[in-house]
Amino acid sequence: MPRKPHLKWDGLGGGAQDKYGFTTGKPRPRWGSFNEVTAIDSTLISQYVIAGIVIGLIYSLMAVGITFIYGIMRIINWSMGEFYMIGGYLQYIIITHFLGVKEWYLGVILSMLGVFLLGMVVQWLLIKPMFEGPVEKRTEYATIVTIALGVLFTNMAVIGAGPFIYSPPGYYRNTQIITLPVSGTRFIAFIGTMILLSLFYLFLKKTWWGRAFQGAAQNRMGIQTAGIDVFRLDQIAFGIGVALAAAAGALLAPEFYLHPRCGSIATMKGFEIIVIGGLGSIPGVLCAGLLLGLIESLGSVFFNPSFRDVYGFLFLIAILAIKPTGLFEERERVA
Amino acid sequence: MENLNDTSISKLKGVSLLLAGSVVVCLLPFWTGQYYQQIFTIAFYYVVLASSWNLIAGYTGQFSLAHHAFAAIGGYTSALLVTRFGFPMWAGILAALSSSALMGFILGVLCLRMRAIYLAIATWAFAESVRIFISMTYEITRGDLGLAVPKIFLGEGRGVACYYLFLGLAAATVFMISIINRSKMGYYLRAIRDDEMAARVMGIHATRWKIFSFIISSGTAGIAGAFYGHYNGLLTPVMVDFNEMAFIVIMVVIGGIRSIAGPVIGAILIEIFTETFREFGEVRMVVFALAVIAIARLYNEGVVGTVRQFGQWISRRKQARKDVT
């Protein structure tokens, strides 16, 4: 006899249930929340833990992009959510007009490539002059420029595609991770994130470029003496960082739908993760991402699922109060 | 001697400009309709927000991205106290000041001992959390439906009264910030912004002054938000949308960051521009964003900086002519 799952997807009321216990129909779900807890037992807890790990790893993709850009250039890119949004829109255009849903993986690669190129152009036009011109305060300049860039992209999206919500078709059939029934798209996003993060790790550790990036994160001046063009490095780092955001946007497009401000929640999680993990530390980001996912998931089972997006902030405040440098402190060189 | 004369003349010019401007602004409601009264009232609200944000971001160099959230906290505190607990309006507004200042204190103590970037990140997350919190506690705040707030100044002549109220609020904020800026504290803040390490070496308790500046700035935003709620009669979580924060940044940067007049001019210009070109919708925001990017990229100092440079250019030309003859 098939065991009926304890959980139902939140916010999908009204539709008929399919054989996995999901209701059909497409209202907007919140970030991975469940409700209708029938009883708290070990299966249920394991389901929440797995759900937390899945969503936490997906959050980390965004945070790795933010922290990579921070590590190389010492600036925060505030328009990360807009690059996430652009990645999602590109993916939507590619799979609905050119390739078809079956080639979604090609779509993800193409939209990452597109956003990578866009990021390179943006860096060349706006961020690179920061290191050359008479900029007094680099953080101030970068903050103002990237916030303005975010406003620009959001409103261009509204002008170009209208203030509508787009929902691309799902990538895969609904499936199960150990005890947790999970939507196909989220499963794909989980797998895709794992693949991308491992590729990123291999890139950093094994290739010449990766070592150059590590060097730049340690000492920008030092690697210039080793004959590395640090501006070229910055450009590529910015491209890779925003491409990771675009990958998250493209992978999650069918799950959280597309609208001009769809990146804001993902960006918020990304920022929370990088502070919790310690600015500039990539292992810290992964740990903090998983922890954040777990805390949100368990917070919504033991407390109130409506506030799951607030738990991350409370966790951030707790970390700032107890260990302000984050869980994995990356010691920064001053000058 | 000549230099002294020059500065005194330019000071005289500045004072007379200020006087002329304030006379125009004071008499404005008598020869404009209600529509422009409202636009200017909202513009003065943004003057308060932009000037107080300029104190923390421009002068102290600490980017707070939750200024709109502090305004919303103030607005909701006052509105809830007045509607649910029957507080008088002035008590609600005082409570709004203390609640947003307290929030600023807590966030400041936690973030301001770290690098500047921590405050920006934590306040961004704070603002988003406040928005979600307000939407989700709909039993109390009525969430996205919007909370009806008892209005201030009922009856005939409400528009004019509110106009003068917000004018007074804006003038008080600008006055307070210029006083701070000229006092010792202003020097401390600018020293911290320019080089925190050097400021510490000089014996300035950097963290304490940063927190102080953050509390003043967020408390001012709280008062402005409370008055705005009582003026508008409706509060919604849209007030905490990031667009609002972007608006404040746009106003300050276009007007001229790190100047007293900049946020004032920026806020009034942008508010009039947005209202005049209302039918263009999002195109306005694209124009603003491009303007901000251009100003930052060309290392320009906004409207105020451009006017100042133009004035210097004119006086240099005059001097050159004098030298020739």
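The listed protein sequences correspond, in order, to chains A and B.
Numbered by the working numbering, the letters in the first sequence go through residues 1 to 335 in order.
Numbered by the working numbering, the letters in the second sequence go through residues 1001 to 1325 in order.
By construction, the Cβ of each residue, glycine as well, lies at the ideal position given by its N, Cα and C atoms.
What you are looking at is a predicted structure, and each value in this text was computed from that prediction instead of being measured.
message = For the pair the stretch 79 to 88 of chain A and the stretch 115 to 128 of chain A, tell me if three or more CB-CB distances fall below 8 angstroms.
response = yes
query = What residues in the stretch 1283 to 1296 of chain B have a beta carbon less than 8 angstroms from any beta carbon of chain A?
reply = V1283, M1285, V1286, F1288, A1289, L1290, V1292, I1293 and A1296
According to DSSP, residues forming a beta bridge with L1189(B) = DSSP lists no partner for L1189(B).
8 angstroms Cβ cutoff, M1202(B) in contact with chain A = no
request  = Under the assumption that L61(A) contacts L152(A) (Cβ atoms under 8 angstroms), give the Cβ distance between them as a whole number of angstroms.
outcome  = Between L152(A) and L61(A) the Cβ distance is about 24 angstroms, and since that is not below 8 angstroms, they are no contact.
key: Contact between the stretch 1128 to 1139 of chain B and the stretch 303 to 315 of chain A (3+ Cβ pairs under 8 angstroms)   = yes
inquiry  = Quick check: is the beta carbon of R1113(B) nearer than 8 angstroms to any beta carbon in chain A?
reply    = yes
query = Roughly how many angstroms separate the alpha carbons of M156(A) and E1282(B), rounded to a whole number?
reply = 8 angstroms
ask   = Which chain A residues are close to I1248(B), counting only those with a beta carbon under 9 angstroms from its beta carbon?
value = Result: empty, since nearest Cβ-Cβ is about 10 angstroms, beyond 9 angstroms.
task = Closer than 7 angstroms by C-beta to W78(A): which residues in its own chain qualify, once you throw out the five before and the five after it? Chain order, please.
result = T143, T146, I147 and G150
inquiry  = Let me see if you follow: with CB-CB separation under 8 angstroms, is Y1059(B) close to chain A or not?
reply    = no
Residues from the stretch 1025 to 1039 of chain B in contact with chain A, defined by Cβ distance under 9 angstroms = none
query = Of all the options S167(A), I50(A) and R220(A), which has the alpha carbon lying nearest to the alpha carbon of L180(A)?
reply = I50(A)
Three-state secondary structure (DSSP) of I177(A) = strand
query = Can you tell me the Cα-Cα spacing of S1078(B) and S1100(B), whole angstroms?
reply = 11 angstroms
inquiry  = Along the stretch 1114 to 1129 of chain B, where does the CB come closer than 7 angstroms to a CB of chain A? Name the residues.
reply    = M1114, A1116, I1117, Y1118, A1120, I1121, A1122, W1124, A1125, F1126, E1128 and S1129
task = Report yes or no: do the stretch 244 to 260 of chain A and the stretch 128 to 140 of chain A share at least 3 C-beta pairs separated by less than 8 angstroms?
result = no
ask   = Checking contacts by CB at 8 angstroms: is L1110(B) closer than that to chain A?
value = yes
query = R1258(B) and Y1059(B) look like a contact to me (Cβ under 8 angstroms); what is the Cβ gap, rounded to whole Å?
reply = 6 angstroms
task = List the residues of chain B whose Cβ lies closer than 8 angstroms to the Cβ of G133(A), in chain order.
result = Y1299
request  = Pick helix, strand or coil for L1298(B), following the three-state DSSP scheme.
outcome  = coil
request  = Under 7 angstroms between beta-carbons, which chain B residues line up against V310(A)? List them in chain order, please.
outcome  = S1129, I1132 and F1133
message = To the nearest angstrom, how far is the alpha carbon of W1090(B) from that of A1096(B)?
response = 10 angstroms
message = If we define contact as Cβ-Cβ less than 8 angstroms, is M80(A) a contact residue for chain B?
response = no
request  = Classify V182(A) as helix, strand or coil using the three-state DSSP reduction.
outcome  = strand
message = Between the alpha carbons of A1289(B) and T154(A), how many angstroms are there, rounded?
response = 10 angstroms
query = To the nearest whole angstrom, what separates the beta carbons of P1237(B) and G1143(B), a pair I think is in contact under 8 angstroms?
reply = 7 angstroms
request  = Return no unless some Cβ of chain B is closer than 8 angstroms to the Cβ of T24(A).
outcome  = Legend: pLDDT at T24(A) = 46, less than 50; position of this residue unreliable, value from coordinates given subsequently. No, T24(A) does not count as interfacial toward chain B.
inquiry  = Give me, in chain order, the residues of the same chain whose beta-carbon lies closer than 8 angstroms to that of L290(A); leave out the 5 immediate sequence neighbours on both sides.
reply    = G52, I53, G56, L57 and S60
key: Partner residues on chain B for K205(A), Cβ-Cβ distance less than 9 angstroms   = Per Cβ cutoff of 9 angstroms: no residues; K205(A) is ~27 angstroms from chain B at best.
task = Taking 8 angstroms as the cut-off, decide whether the C-beta atoms of L314(A) and G65(A) are in contact.
result = no
ask   = Beta-carbon of M1136(B) versus every beta-carbon of chain A: anything under 8 angstroms?
value = yes
request  = Kindly indicate which residue of S1183(B), R1317(B) and T1041(B) has the alpha-carbon position closest to the one of G1159(B).
outcome  = T1041(B)
ask   = Given D1323(B), which residues of its chain have a CB within under 6 angstroms of its CB, disregarding the five upstream and five downstream residues?
value = none
Status (buried if at least 16 other CB within 10 Å, exposed otherwise) for P163(A) = exposed
request  = Tell me, please, whether the CB atom of A253(A) is closer than 8 angstroms to any CB atom in chain B?
outcome  = no
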